[in-house]
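Read left to right, the sequence shown gives residues -18 to -1, 1 to 683 (mature numbering (1 follows the signal peptide of the UniProt record, and there is no 0)).
No residue lacks a Cβ here, since even glycine has one placed at the ideal position from N, Cα and C.
Take a look at the structure below.
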Amino acid sequence: MKKLIPTCLFLLSLSVFSQKEQEKTTINNPQTKKGYTIANLKPANSNSYFSDETTNNNSNTSKNKVTVKESKLIKKAYEYFDMLWYAEAAKLFEQALEENKENYTKDILQKAGDSHYYNTNMERAYHWYQILYDTYKDDLTPDQIFKYSHALKGNGKYGKAKRFMRMYNRMKKDEPTGVELNTEDNARNEQVLDQILNKKPNYEVKNLAVNTENSDFSPMFYSNDKIVFASAKDSSFFNTRRYKWNNQPYLDLYVAKINQQSDDLKDAIKFSKKVNTKYHEASVTFSPDNKTMYFTRNNYGKKLKRDKNGINNLKLYMSKKINGEWSEAVELPFNSDEYSTGHPALSPDGKQLYFVSDMPGSIGETDIFVVDVLEDGLFSTPKNLGPEINTEQKEMFPFLNNKKLYFSSNGHIGLGGLDVYEVAYDEEGFKDVVNVGQPINSNKDDFSYIINEETQKGYFASNRKGGKGDDDIYSFKNLIVEEVNENAIAGVVTEIVTGDLMPNALVTLLDENNIKLKEIVTEEDGSFVFEDLDSNTKYKLQANKETFFDEELNTATKENQVVNVDIAMRKLHDMIAIENGIKKLKTEKIFFDFDKSYIRQDASVELDKLVDVMTEYPNMKIKIESHTDVRGNNAYNKYLSDKRAKSTRKYIISKGIDENRIISAIGYGEEQLINGCEDGVNCSREKHQENRRSEFIIVEM
């Protein structure tokens, strides 16, 4: 279940499903069958995973082929990576890359990025993935492109992330069972992202005092006034054991009281000794009467157990409260040494148990399953929730109330990392999956969301910036927002190639008769919004920014909705300039000898540059304007300049440019002088030569 668990959520609920599954406890590790293990209870990119601290004696660094001379440093980095000790591996890979550029092989760059990716350090993951892409862009796999896109989102680069998700979808079609999203699907997905970004927040969130510098996550309601959660807080002065995935103490379950006024958690103490062990425990759920609990733990009895690949997977355990004390935990019958199970969540009536696993039959890296809780401690056969919920990536941390299923995923459209989603359900099944939006979700991992239906208050975990530790628990309350009629057009302006957000672009709103209605300058994040518009009305948007081509899009409002429109602008080529609103190909002037029309050697060099630009922009069409100085009579100068224009046109066509792309080639003689060298004015040869020129006007791009 590698990466079954978000930064903190996975640690408790399915440490094997998350990045924390590093220590051979990962359920979805590329080095193992799926890298998920009970050792990692939190999301793949978070620090709250369950993992076994012991090394994998069967790890084999020969699986990682190094094309450069293997140094001891690189060998050790691969060894740590194979053992899922990502924090240590990241240090060594970075050291090796900083010491020697010859180490910039595809595999080492990938491992450097992955080591950070699996620990939710998206800044460093993005750094190495970007170098990987720039160096080996034609030789990357769909998975590598997906991770790069994910890291881009994790750094708030949504425009560029969209471009790489399009690339990922195109690459997936080439796989044996791959299906490419069509243009309409891609556009719909991008519109969903825009809607999430522009959705007005209706939650108030607060970081809790109970958080530590390590991972705290997977909160769960326990009675009316307590929360049980997972934490890697080091509560023992003599405890030096560390989980090598992230160099933090192992996870334990804690219980804390809810401060009814502030919603903070106080007086946190360790949960029952019958439940906590020296390895990971996390992600817990309780029966309606609070007498039965299910939780995630490393595959650990009297000793750690491993699968055939040496991985210590995660398992689900059950404990019952007898005479006020929790009993020794027993594992559930559908566990296996060969795959991970974790992140349990009971339905409100206690009759169904939802959980996360990478068991055979999974759709993605980790899926959500459900079993019926039968009498006498029996369970039905696990059932996959299907493609409406599960994607090819990770779904985890389920939570249910009487109306909705909540879960975290990095496979549905989101803001980056794990996002929280909700889906209504009834006797007919699940409805549409909806991203809960900001501020619950961020560009980092957001997971283990729980909510009290009556109070509309709850808790979740996140490794977003501004926290106290790797994964922090946040409280939230749903703000009551009065519904208002809203007809608006909103969007983001980006650079079409890099996907970078473009602040300070001028966006103009026009009606369908091209009458200007409003103007807005984009914010620092490239966003804009036009509000209080007429419903079901057609509009035009124009975007302008210096050194960029103007863009124009048609759109229309809908009844009481925010319509999202992205505008991607193309940067002007260095040889393209705008003079008095007219686009021109900017070359060194094309000079001609006196009274001649042939192309000089210096002119051919400049015209070749022009040909290169027209080749780069295959839809570009131009017109050629040639001019003379005042020497000679007007009629002859008109004739001479026309010959020069035709000569220039002929040269460009001879270099492979279609003749239909040159709309006209006209000589203007001495009609458009650019200096004061008129008839009767004494000018030098150089000054007269300035007027003997050809210019190239861009008519169409």
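Going straight from the alpha carbon of residue i to that of residue j, what length do you get?
i      : j      : result
Val593 : Val503 : 35 Å
Asn434 : Lys287 : 38 Å
Glu320 : Leu296 : 10 Å
Glu374 : Ala585 : 57 Å
Asn496 : Thr117 : 46 Å
Asn294 : Asn280 : 7 Å
Leu136 : Leu535 : At residue 136 the sequence reads Gly, which differs from the Leu that was named. Those two C-alpha atoms are separated by around 29 Å.
Ser200 : Ala525 : 45 Å
His609 : Leu655 : 8 Å
Met65  : Ala59  : 10 Å
Lys527 : Met551 : 9 Å
Leu298 : Glu84  : 46 Å
Gly141 : Asp556 : 23 Å
Ile251 : Ala238 : 7 Å
Gly662 : Lys669 : 14 Å
Tyr150 : Phe316 : 35 Å
Lys447 : Val210 : 24 Å
Ala617 : Thr597 : 36 Å
Glu445 : Tyr276 : It is Asn, not Glu, that sits at residue 445 in the sequence shown. Using only the alpha carbons, I get a separation of about 25 Å.
Check whether the Cβ atoms of residue i and residue j sit closer than 8 Å, and answer yes or no.
i           : j      : result
Ile395      : Asn372 : no
Ala78       : Ile56  : yes
Lys182      : Gly481 : no
Thr194      : Lys215 : yes
residue 697 : Tyr431 : An answer regarding residue 697 cannot be provided, because it is not within the stretch -18 to 683 covered by the chain.
Trp308      : Ser390 : no
Ser676      : Glu607 : yes
Val257      : Ser301 : yes
Glu652      : Val612 : yes
Val544      : Phe510 : no
Ser265      : Thr278 : yes
Ser629      : Gly649 : no
Thr102      : Lys426 : yes
Ala94       : Ala72  : yes
Lys413      : Glu477 : no
Tyr86       : Leu74  : no
Applying the criterion that 16 or more other CB atoms from any shown protein chain within 10 Å of the CB defines a buried residue, is residue i buried or exposed?
i      : result
Thr539 : buried
Phe678 : buried
Glu409 : exposed
Gln242 : exposed
Arg667 : exposed
Ser213 : buried
Arg674 : buried
Gly399 : buried
Tyr111 : buried
Asp340 : buried
Arg626 : buried
Ser636 : exposed
Met104 : buried
Met683 : exposed
Glu357 : exposed
Arg582 : exposed
Pro326 : buried
On a CA-only basis, which of the options is nearest residue i? Give me that one, please.
i           : options                           : result
Ser322      : Asn615, Ser97, Val338 and His132  : Val338
Phe379      : Tyr100, Met341, Phe429 and His98  : Phe429
Phe442      : Ser197, Asp96 and Arg674          : Ser197
Glu588      : Ser579, Gly95, Leu567 and Lys578  : Leu567
Val475      : Tyr204, Val352 and Lys139         : Lys139
Val187      : Lys522, Thr102, Asp454 and Gly393 : Asp454
Gly359      : Asn384, Phe75, Leu314 and Thr437  : Leu314
Lys174      : Gly614, Gly658, Gly473 and Asn616 : According to the sequence displayed, residue 174 carries Val and not Lys. Checking every option, the nearest Cα to that of Val174 belongs to Gly473.
Tyr236      : Pro270, Val192 and Phe75          : Val192
residue 684 : Lys376, Leu328 and Lys386         : Coverage of the chain is limited to positions -18 through 683, which leaves residue 684 absent and any answer about it impossible.
Arg643      : Asn601, Tyr633 and Gly658         : Asn601
Lys303      : Asp331, Asp271 and Gly324         : Asp271
Tyr232      : Lys386, Lys260 and Lys605         : Lys260
Ile560      : Ile634, Ile572 and Asp532         : Asp532
Any C-beta of chain D sitting closer than 8 Å to the C-beta of residue i?
i      : result
Glu598 : The displayed structure is made up of one protein chain only, and chain D is not part of it.
What do you reckon, is the C-beta of residue i under 7 Å from a heavy atom of the ligand FMN?
i      : result
Phe253 : Looking for the ligand FMN in the displayed structure turns up nothing, as the structure carries no ligands at all.
*Whole runs of the beta strand (DSSP E) within the region 542 to 629, excluding any shorter than 3 residues*: 544 to 546, 549 to 551, 558 to 561, 564 to 567 and 603 to 609
_Length-filtered (3 minimum) beta strand (DSSP E) runs lying within the region 165 to 203_ = 185 to 189
*Curious, which full-length beta strand (DSSP E) runs of at least 3 residues does the region 468 to 495 contain?*
470 to 477 and 488 to 493
*Length at least 4, wholly inside the region 315 to 390: the alpha helix (DSSP H) runs in chain order*: none
*Only counting runs of 4 or more residues, tell me where the alpha helix (DSSP H) segments fall wholly within the region 77 to 156, in order along the chain.*
88 to 99, 104 to 118, 124 to 136 and 140 to 154
*Going along the chain, which unbroken runs of the beta strand (DSSP E) with 3 or more residues stay wholly within the region 396 to 470?*
Fully enclosed beta strand (DSSP E) runs of 3 or longer: 401 to 408, 411 to 417, 428 to 434, 439 to 444 and 454 to 460.
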